[in-house]
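To keep things clear, I will list the structure first and then write my remarks on it.
Number of protein chains: 2
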Amino acid sequence: MLVGELGEEALLERMRLVFATASPGVLAGIGDDAAVTVPSPGKKIWTTDLLLEGVHFRKDWLSPAQLGRKSLAVNLSDLAAMGASPLYAMVLMACPADTSVEYIDELCQGIAGLGSATGVTVVGGDTARSPGPLFVGLSLCGAIPEGEAVLRSGARPGDRILVTGYLGSAAAGLWLLENEKNLEPFTELYRAFKEPEARLLAGKTARRLGATAMTDISDGLASDLSHICNKSSAGARIETGKLPLHDELKLAAQEFGLDMEDLALRGGEDYELLIIVSPERCNAISGEIKRQAGIPVTEVGEITTQASNILAVRPDGSEVAIGHGFDHFGADG
Amino acid sequence: MLVGELGEEALLERMRLVFATASPGVLAGIGDDAAVTVPSPGKKIWTTDLLLEGVHFRKDWLSPAQLGRKSLAVNLSDLAAMGASPLYAMVLMACPADTSVEYIDELCQGIAGLGSATGVTVVGGDTARSPGPLFVGLSLCGAIPEGEAVLRSGARPGDRILVTGYLGSAAAGLWLLENEKNLEPFTELYRAFKEPEARLLAGKTARRLGATAMTDISDGLASDLSHICNKSSAGARIETGKLPLHDELKLAAQEFGLDMEDLALRGGEDYELLIIVSPERCNAISGEIKRQAGIPVTEVGEITTQASNILAVRPDGSEVAIGHGFDHFGADG
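Residue numbers (the working numbering), protein chains in the order written: chain A, 280 to 612; chain B, 280 to 612.
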């Protein structure tokens, strides 16, 4: 059956059924005018992100469940970057009339499945038939039970720059999809694009052990590092020889002539964490994240003074300015 | 300048600037990975609603500021129906590339203006260029500092049915717009459609004084009353002669042959409150809302047993079954 035949009220009811999970904190879930939850301790963390067909995804690139998971994961990644734990989500969907009802069910199940795995309860939802593309937007509330969120503004000259996981994988995966290459040898690259994982545990560990600044790498290392530098009034030096590159990225670069350095510096959507730490705590934080979250953590450079701008230093010693180092509208300048 | 020329990052920055209001509860607002707020007392209330161009509005019917206000008002109305006070909002927007930047600024200012008047701080936002229609979605968190939310499920046979304001006005206003009638004699009707007011104070007063059930009238009295009856396993009797009709509705009905009763029973988008109260408290609640909120409150019928279904009784004594009285998917049945 198609969404257009089902009607909006019935579509909303299907969303309600998928998201109707019992959660101890939820006194009334979806189905009244609004949901009611018990008070919970700690500072609250808020974020919202949308995925739009034709802009952020194509239906033939992501299964409906992958789209659902990704729409939650990109929001979870923002909470991870504060060192927060997720609590509640609200889901907005606008679906073309020719979307199958099964598609919507699977999309919602993708959200609910990742939600269940990460402690998220969906407490609100609305939907309408879209005269245009498919639109999925999520809003998320999380908490920091004790202590403070890690902001972008705390980096100090001399601090070390750590990144989790591998860089450039998602951008390479997207390139392979866009160029219709054989994906078989590159499962990790297209998985990085289709099924990004929010680094919630790494973020919490970094916060607990005293990271000075943090953000997630959604727009590419150069761009996201520039946000940290802007907010912290600092510069940075990245050693490109240290950038963590997956073996599949090296293989793809070789086979298709891709610029690995550019993908690692400017490729978006890896949803890894960029963690700034004092030199004294660098090894402890890096080691504890590896141990707790079981993911690679790599030191790729250091924070410098603002006057130094943001530089990438190549193994041969040559330097390139990366990132604009200022905000187009001056709000961060 | 058009949104398509500005780029997404710059568009997001404009949203940030409009919503960058200082609020004592907000430790970090829009501009980091996520916003941070202080803990606040009481149960939390969650709702989300979207407005889609071509489905919920047309750009030539609502000014951008009106669209912004309405997108917040329809969410506030859900909180009002729980007796809650709003706290934080998150805004998602997808804009066609040919939208002017001024349009988006005014839309955001509409949200921010009503937010400021009702105690809402916008703590999150995301935007993208839409290949289709304009999409505005809001998610809202509110609180009930003490006591319990008023759910749809508490109505008991014998309880009285109250409604705030006038019914059918917004539907008549929409009809006038759709049929391109002279709007001049009908300012209150099209205002009801373009600038609905969430009945926050009335909702809080009703909750404080012990209303047994409550919902907002967004789909029309018959439909919203059936939600109450479903959740409460009850029936209802509405006296159509008592339905509060604005003088302009009577005038429009006379001039254009509109069915006033049908508009009042089934017209949507009035965003008035449907308040169920025990007979003992009826006068006190009704009187206190009139005094506090300065709006009409009208007793229009009573809750009956489930077997009685939902009936509209005309002044001549004839009865009509209204509302389906059961949910299409059985979830409420």
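Think of the CB as a built atom: it goes at the ideal place given N, C-alpha and C, for glycine as much as any other residue.
These numbers were taken from a predicted model, which means no experiment stands behind them.
query = Are there three or more Cβ pairs, one per stretch, closer than 8 Å when the segment 410–421 of chain A is compared with the segment 340–348 of chain B?
reply = no
inquiry  = Using a Cβ-Cβ cutoff of less than 6 Å, which residues in the same chain neighbour A:Thr577 once the five nearest sequence positions on both sides are dropped?
reply    = Numbered from 1 along the first sequence, position 298 holds the residue referred to as residue 577 of chain A. Once the five neighbours on either side are set aside, the close Cβ partners of A:Thr577 are Val442 and Pro523.
request  = Would you list the residues sitting across from A:Ile554 in a DSSP beta bridge?
outcome  = Residue numbering aside, residue 554 of chain A sits at position 275 when the first sequence is read from its first letter. Its beta-bridge partners are A:Leu441 and A:Met493.
ask   = Does the count of Cβ pairs from the segment 312–321 of chain B and the segment 300–317 of chain A closer than 8 Å reach three?
value = Verdict: no, contact absent.
inquiry  = So with CB distances below 8 Å, who are the chain B contacts of A:Pro575?
reply    = In the first sequence, residue 575 of chain A corresponds to position 296, counting from 1. Chain B residues near A:Pro575: none, gap ~21 Å exceeds 8 Å.
task = Report the three-state DSSP secondary structure of A:Val380 (helix, strand or coil).
result = As a first step, residue 380 of chain A must be located in the first sequence, where it is residue number 101. Note: A:Val380 maps to helix in three-state DSSP.
message = With H, G and I counted as helix, E and B as strand and the rest as coil, what does DSSP make of A:Lys338?
response = Within the first sequence, numbered from 1, the residue matching residue 338 of chain A stands at position 59. DSSP places A:Lys338 in coil when its eight states are reduced to three.
query = Closer than 9 Å, Cβ to any Cβ of chain A: which residues of the segment 398–416 of chain B, in chain order?
reply = Val402, Gly403, Gly404, Asp405, Thr406, Ala407, Arg408, Ser409, Pro410, Gly411, Pro412, Phe414 and Gly416
N-terminal and C-terminal residue of the beta strand (DSSP E) that A:Gly416 is part of = On the first sequence, residue 416 of chain A is found 137 positions in, with the first residue counted as 1. Start and end: Phe414 to Ile423.
query = Exposed or buried, which one is A:Leu462 when buried takes at least 16 other CB atoms within 10 Å?
reply = Working through the first sequence from its first residue, we reach residue 462 of chain A at position 183. Label assigned to A:Leu462: exposed.
message = Starting from A:Met369, trace the beta strand (DSSP E) in both directions and tell me its first and last residue.
response = For the purposes of this step, residue 369 of chain A is identified with residue 90 of the first sequence, where counting begins at 1. Taken as a continuous stretch (DSSP letters only), the beta strand (DSSP E) holding A:Met369 covers Ser364 to Pro375.
query = Do you know how far the Cα of A:Ile554 is from the Cα of A:Gly447?
reply = In the first sequence, counting from the first residue as 1, residue 447 of chain A sits at position 168. In the first sequence, counting from the first residue as 1, residue 554 of chain A sits at position 275. Approximately 17 Å between the Cα atoms of the pair.
request  = Measure the C-alpha to C-alpha separation of B:Gly452 and A:Ala513 and round it to an integer number of angstroms.
outcome  = For this step, residue 452 of chain B is matched to residue 173 along the second sequence. For this step, residue 513 of chain A is matched to residue 234 along the first sequence. Near 56 Å, if we compare the C-alpha coordinates of A:Ala513 and B:Gly452.
task = Less than 8 Å between the CB atoms is what I'm expecting for A:Gly283 and A:Pro412, so what's the real figure, rounded?
result = For the purposes of this step, residue 283 of chain A is taken as residue 4 along the first sequence, with counting starting at 1. For the purposes of this step, residue 412 of chain A is taken as residue 133 along the first sequence, with counting starting at 1. Contact doesn't hold; Cβ gap of about 15 Å is too wide.
Bridge partner(s) assigned by DSSP for A:Val576 = Position 297 of the first sequence holds residue 576 of chain A. Answer is A:Thr443.
query = Applying a beta-carbon distance threshold of less than 8 Å, which residues of chain A neighbour B:Ala314?
reply = As a first step, residue 314 of chain B is located in the second sequence; it is residue number 35 there, counting from the start. Here the neighbours are Ile324, Trp325 and Thr326.
request  = Could you tell me whether any Cβ in chain A is nearer than 8 Å to the Cβ of B:Met280?
outcome  = Residue 280 of chain B sits at position 1 when you count from the first residue of the second sequence. No, because no Cβ of chain A sits closer than 8 Å to the Cβ of B:Met280.
request  = Classify A:Gly286 as helix, strand or coil using the three-state DSSP reduction.
outcome  = Numbered from its first residue, the first sequence carries residue 286 of chain A at position 7. Collapsing the DSSP output to three states places A:Gly286 in coil.
inquiry  = Against chain A, with Cβ distances strictly below 8 Å, would B:Cys387 count as a contact?
reply    = Counting from one through the second sequence, the residue named residue 387 of chain B turns up at place 108. No, no contact with chain A.
ask   = So, helix, strand or coil for B:Asp328, using DSSP?
value = Start at 1 with the first residue of the second sequence, and residue 328 of chain B comes out as number 49. B:Asp328 falls in the strand class under three-state DSSP.
task = Consider the Cβ of B:Pro420: report whether some Cβ of chain A lies at a distance smaller than 8 Å.
result = In the second sequence, the residue the question calls residue 420 of chain B occupies position 141. This sequence places Cys at residue 420 of chain B; Pro is not what is there. Answer yes: the Cβ-Cβ gap between B:Cys420 and chain A drops below 8 Å somewhere.
ask   = From B:Pro475 to B:Asp357, what distance separates their C-alpha atoms?
value = In the second sequence, residue 475 of chain B corresponds to position 196, counting from 1. In the second sequence, residue 357 of chain B corresponds to position 78, counting from 1. The straight-line gap from Cα to Cα measures roughly 13 Å.
Assigned secondary structure, B:Ala614 (DSSP; H/G/I helix, E/B strand, else coil) = For chain B, the structure presents residues 280 to 612; residue 614 of chain B sits outside this window and is missing.
request  = Give the residues of chain E in contact with A:Gly499, contact being defined as C-beta atoms less than 9 Å apart.
outcome  = Annotation note: the requested chain E is absent from the structure, which comprises protein chains A and B.
ask   = Nearest to B:Asp339 by alpha carbon, out of B:Leu479, B:Val579, B:Ile568 and B:Glu457?
value = Start at 1 with the first residue of the second sequence, and residue 339 of chain B comes out as number 60. Among B:Leu479, B:Val579, B:Ile568 and B:Glu457, the Cα nearest to that of B:Asp339 belongs to B:Glu457.
ask   = Between B:Gly304 and B:Asn509, what straight-line distance do the alpha-carbon atoms span, to the nearest angstrom?
value = The sequence position of residue 304 of chain B within the second sequence is 25, counting from 1. The sequence position of residue 509 of chain B within the second sequence is 230, counting from 1. Going by the C-alpha atoms only, they are around 38 Å apart.
ask   = For A:Ala572, which residues of its own chain have a beta-carbon under 8 Å away from its beta-carbon, when the five flanking residues on both sides are left out?
value = What you label residue 572 of chain A is simply residue 293 of the first sequence in a count that begins at 1. Correct list, in chain order: Thr443, Arg478, Leu480, Ala481 and Thr484.
ask   = In three-state terms, what does DSSP make of A:Thr316?
value = One-based indexing of the first sequence puts residue 316 of chain A at position 37. A:Thr316 falls in the strand class under three-state DSSP.
task = Mind checking who B:Met281 pairs with in its DSSP beta bridge?
result = Indexing the second sequence from 1 puts residue 281 of chain B at position 2. Before going further, note that residue 281 of chain B is Leu rather than Met in the sequence given. The partner list for B:Leu281 (beta bridge, DSSP) reads B:Ser379.
key: Residue range of the beta strand (DSSP E) that includes B:Leu590   = In the second sequence, counting from the first residue as 1, residue 590 of chain B sits at position 311. First-last of the beta strand (DSSP E) with B:Leu590: Ile589 to Val592.
message = the ligand MG and A:Ala289: does the residue's C-beta get closer than 7 Å to at least one heavy atom of that ligand?
response = Absence of the ligand MG is noted for the structure shown, with no ligands found whatsoever.
query = Taking C-alpha atoms, which residue in B:Ala515, B:Leu331 and B:Lys569 lies nearest to B:Gly602?
reply = Against the second sequence, residue 602 of chain B aligns to sequence position 323. Cα-wise, what sits closest to B:Gly602 is B:Ala515.
key: Closer than 8 Å to chain B by CB, A:Glu598   = Residue mapping note: residue 598 of chain A aligns to position 319 of the first sequence, counting from 1. Not an interface residue.
request  = Put B:Arg435 into one of helix, strand or coil per three-state DSSP.
outcome  = Within the second sequence, residue 435 of chain B is the residue found at index 156, counting from 1. B:Arg435: coil per DSSP, three-state reduction.
task = Under 8 Å by Cβ, that's how I've got B:Val592 and B:Glu518 pegged, so tell me the actual separation to the nearest angstrom.
result = In the second sequence, residue 592 of chain B corresponds to position 313, counting from 1. In the second sequence, residue 518 of chain B corresponds to position 239, counting from 1. Indeed, because the Cβ distance is near 5 Å, the residues count as touching under 8 Å.
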